[in-house]
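So the first sequence is residues 83 to 290, counted in our numbering.
Positions of the beta carbon are idealized from the N, C-alpha and C atoms, including for glycine.
Heads up: the structure comes next, in structure tokens.
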Amino acid sequence: MEIIERKYDNRNTKLPKSFYTRGQVTKIAKELLGKLIFTFTNNELTGGIITETEAYAGISDKASHAYNNRRTKRTEIMYSEGGVAYVYLCYGMHNLFNFVTNKKEKPDAVLLRAIIPIEGIEIMEARMGREITIKGFTDGPGKVSKALKINVTDTGESLTGNRIWVEDRGVNIKDDNILKLPRIGVDYAEEDALLPYRFVIADEKKLL
DNA sequence: CGGCCGATCCACT
DNA sequence: GTGGATCGGCCGA
């Protein structure tokens, strides 16, 4: 399909910083669906279509690391202006990647949960030590980071640079094709655990 | 300091 | 469906 073709010199589809500095994190999380995320490290280009995201809505969201205005060395990057990466270690082994959004001092973030691998599939398979099949494409935030070679040292990295970036190839996911579900693994968040802040493309196989 | 636990994943049963 | 892996962050003593 047209959407899986990539023109190396055509960077005018890259999402600008202004995409991330807006205030509505759930809207941004939904708009990231269907976009393509790329990483370029060690001369290896990898990327895929974003199919699942979760929104974390600032200091009032009990599921967020920044809940109640909590500021630590780890979460400080969430308080910077949108358009940078927040990557943290989960369960001692998984690097979870977030798009930091909103303005400075507004610690919103979007967790990347799944992609359909498009670019550099063999490279991603080598990183994961397994074959990527049509059934088992990269679902799960830890696996996505592993496939894209993103880790905690990428915290603070620009999302509009030449190492990590997102492209809009004109794939528009209609709202009624987006599942709105509770977020995963946030049972501790009391009433906020039920918020429908997880967004999934309902018919993602049609993109293939 | 010590202890608990996590925005997960995989191999089992 | 269940449990182990594995370790930094966070909190309370």
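Can you give me the C-alpha to C-alpha distance between residue i and residue j, rounded to a whole angstrom?
| i | j | result |
| --- | --- | --- |
| residue 236 | residue 180 | 10 angstroms |
| residue 253 | residue 281 | 16 angstroms |
| residue 212 | residue 255 | 30 angstroms |
| residue 108 | residue 208 | 33 angstroms |
| residue 200 | residue 228 | 15 angstroms |
| residue 183 | residue 106 | 9 angstroms |
| residue 113 | residue 169 | 21 angstroms |
| residue 119 | residue 219 | 15 angstroms |
| residue 242 | residue 276 | 32 angstroms |
| residue 96 | residue 271 | 34 angstroms |
| residue 205 | residue 178 | 20 angstroms |
| residue 153 | residue 269 | 22 angstroms |
| residue 202 | residue 185 | 33 angstroms |
| residue 143 | residue 151 | 10 angstroms |
| residue 289 | residue 238 | 31 angstroms |
| residue 128 | residue 283 | 21 angstroms |
| residue 240 | residue 223 | 19 angstroms |
| residue 141 | residue 149 | 4 angstroms |
Among the candidates the options, whose CA atom is the shortest distance from the CA of residue i?
| i | options | result |
| --- | --- | --- |
| residue 192 | 250, 147, 244, 289 | 147 |
| residue 104 | 187, 208, 232 | 187 |
| residue 125 | 231, 249, 134 | 231 |
| residue 164 | 174, 139, 144, 260 | 139 |
| residue 299 | 151, 248, 221 | Outside the displayed span of the chain (83 to 290) sits residue 299, for which this structure offers no information. |
| residue 221 | 290, 289, 132 | 132 |
| residue 99 | 128, 157, 162 | 162 |
| residue 267 | 172, 206, 260, 203 | 172 |
| residue 285 | 257, 269, 279 | 257 |
| residue 251 | 110, 260, 130, 176 | 130 |
| residue 189 | 210, 158, 176 | 158 |
| residue 110 | 123, 134, 127 | 134 |
| residue 175 | 127, 233, 149 | 233 |
| residue 279 | 123, 145, 259, 287 | 145 |
Quick check on residue i: buried or exposed, where buried means 16 or more other Cβ atoms within 10 Å of its Cβ?
| i | result |
| --- | --- |
| residue 274 | buried |
| residue 265 | buried |
| residue 244 | exposed |
| residue 136 | buried |
| residue 215 | exposed |
| residue 194 | buried |
| residue 261 | exposed |
| residue 155 | exposed |
My assumption, with CB atoms under 8 angstroms, is that residue i sits in contact with residue j. Please give the rounded CB distance.
| i | j | result |
| --- | --- | --- |
| residue 226 | residue 196 | 6 angstroms |
| residue 246 | residue 121 | 5 angstroms |
Q: Note down, one range per segment and in chain order, each alpha helix (DSSP H) of at least 4 residues found wholly within the region 201-227.
A: Secondary structure in the region 201-227: the alpha helix (DSSP H) runs of 4 residues or longer, each lying completely within the stretch, are 203-210 in chain order.
Q. Residue ranges of each alpha helix (DSSP H) run of no fewer than 4 residues wholly in the region 91-152, ordered along the chain?
A. If we require 4 residues or more, the alpha helix (DSSP H) runs fully inside the region 91-152 come out as 99-102, 107-113.
Q | Inside the region 227-268 only - beta strand (DSSP E) runs reaching at least 3 residues | A | Fully enclosed beta strand (DSSP E) runs of 3 or longer: 246-249, 260-263.
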